[in-house]
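Report on one structure; see the data block that follows.
Residue numbers (this note's numbering): 189 to 272.
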């Protein structure tokens, strides 16, 4: 059996502009305190919400397979943050 080790990006929901969960064509799922968003191998960056482009690009550059937004996760200084 082949096993795969995958990386994911943990971000605070403070990186979202509000409780809105629009992630364009990406598959997402709500969690108790945030959202999980799965990365796609090929996605048209123009289909992503503007606030999410930098986060998606950061996750893609770091070979992440998903992004977890959770209220208890840390913030990342390199990415925009919102006060809501």
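The C-beta atom is built at its ideal place from N, Cα and C for all residues, glycine as well.
(Q) Please list the terminal residues of the continuous alpha helix (DSSP H) segment that includes residue 249. (A) For residue 249, the enclosing alpha helix (DSSP H) begins and ends at 238 to 249.
Q | Close Cβ partners of residue 231 (< 8 Å) along its chain, the five nearest in sequence each way excluded | A | Result list for residue 231: 212, 213, 214 and 244, in chain order.
Q | residue 239 CB to nearest heavy atom of the ligand FMN below 7 Å | A | As for the ligand FMN, it is missing from this structure, which has no ligand bound.
Q. What's the call for residue 247, buried or exposed, on a 16-neighbour Cβ count within 10 Å?
A. Buried, by the Cβ-count rule.
Q | residue 205 versus residue 267: straight-line alpha-carbon distance, rounded | A | Straight-line Cα distance between these residues: approximately 12 Å.
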